[in-house]
Ligand code: SAM
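Numbering (my numbering), first residue to last: 1 to 363.
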């Protein structure tokens with residue numbers, strides 16, 4: 001296979017994707033350069049921000065990789081107060097972020113879902129609905145997703161985590177709470193309801209092969225999602241997958257594989273939004289910039305009050321746990337300018353893929 005013959009293709013075969021995932025040296029550089037070029041052609045050099053609010057680390061699930069799993073007793077559980085959430089959202093607005101992303105451990109009881117409806121409505125009241133709202137609150141019923149949509153949330157992130165069912169059950173317990181088909185159905189429901197829907201996977205998981213990763217990219221394309229978030233898997237000592245930490249690629253390799261995944265997906269889906277996940281920065285201090293330079297176009301600066309951040313440790317040594325929001329902003333502007341990019345402030349930053357299908361949505 002010759003790299004020059006496939007870099008202009010959008011409909012890559014699984015074999016071609018695997019070839020690109022294995023690219024080294026000159027071929028790797030060609031892949032990264034082409035992905036950046038495709039992004040600039042379609043989306044310019046803008047980066048969109050989502051002020052991240054880590055609402056709660058209380059979780060009813062026990063995914064085998066995640067530090068906030070319910071079966072980890074080694075840290076304090078919290079839930080932000082309504083005022084704390086609204087303060088974070090107001091800060092996002094003041095800083096010109098344009099959008100917030102509300103993320104949390106998974107709960108689906110009525111008290112929780114009603115609270116989220118109320119918070120979404122309250123955030124919408126800030127400056128007459130000027131903030132875009134992304135939710136990342138796990139698997140819910142269609143009725144709950146609809147209620148949150150009607151309250152004003154318009155984007156939803158639910159990573160499939162692994163699109164190969166067999167791998168899915170190696171990183172999740174196989175029980176009613178962690179059902180692959182339910183997760184798939186949730187993504188379909190979000191798409192059906194009109195959410196700007198995002199999904200994604202972790203890269204460098206135990207048991208994960210290049211074939212799995214190529215399958216993940218084809219899955220995103222097949223589902224025609226508007227957003228994708230991918231980041232390196234980071235083993236957490238209080239989780240069952242920790243025991244495989246010596247059998248996975250090194251942090252450097254997981255980072256590189258993540259960058260290749262982002263670059264290849266940019267070729268396949270030129271108009272979607274792609275997040276430069278915080279996990280990238282955790283394994284490499286320049287990780288987010290590197291992701292932006294090979295095709296990502298969204299960053300989620302953390303707005304969670306500092307005293308809670310250290311308890312939202314889905315993985316260890318998370319980046320920016322001690323940064324203050326205003327420091328974060330200056331730091332971002334400088335870091336992005338250094339790689340020829342700039343933040344588009346005061347804009348929702350909906351994905352071009354979504355905007356083309358939904359003329360009412362805005363940049
Ligand atoms: N509960 C919601 C859900 O399941 O979508 C949102 C919160 S969940 C903690 C957010 C994401 O963190 C997950 O989709 C997963 O991919 C990522 N994550 C969890 N543990 C991780 C780890 N050890 N390394 C890297 N990413 C991890």
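By construction, the Cβ of each residue, glycine as well, lies at the ideal position given by its N, Cα and C atoms.
The bridge partners DSSP lists for residue 343 are 47. Excluding its 5 nearest sequence neighbours in each direction, residue 281 has C-beta neighbours in its own chain below 8 Å: 287, 288, 319, 320, listed in chain order. Here the distance from the Cβ of residue 261 to the nearest heavy atom of the ligand SAM is not below 7 Å. The three-state secondary structure of residue 277, taken from DSSP, is coil. Secondary-structure assignment with DSSP links residue 156 through a beta bridge to 135, 197. Boundaries of the beta strand (DSSP E) harbouring residue 103: 99-104, taken from the DSSP string.
Assigned with DSSP and collapsed to three states, residue 269 falls in coil, not helix or strand.
DSSP, read as helix, strand or coil, puts residue 261 in helix. Secondary structure at residue 54: strand, using DSSP grouped into helix, strand and coil. For residue 25, the CB stays at least 7 Å from every heavy atom of the ligand SAM.
Positions of the beta strand (DSSP E) runs, each at least 3 residues long and wholly inside the segment 198-250, are given as 227-232 in order along the chain. By the C-beta density criterion, residue 103 is buried, having at least 16 other C-beta atoms within 10 angstroms. Separation of residue 144 and residue 174 (C-alpha to C-alpha, rounded to the nearest whole angstrom) is 24 Å. Assignment of residue 79 by DSSP, reduced to helix, strand and coil, places it in the strand class. Taking 7 Å as the cut-off, one finds at least one heavy atom of the ligand SAM near enough to the beta carbon of residue 137.
Looking from the CA of residue 159, the closest CA among 185, 338, 93 belongs to 185.
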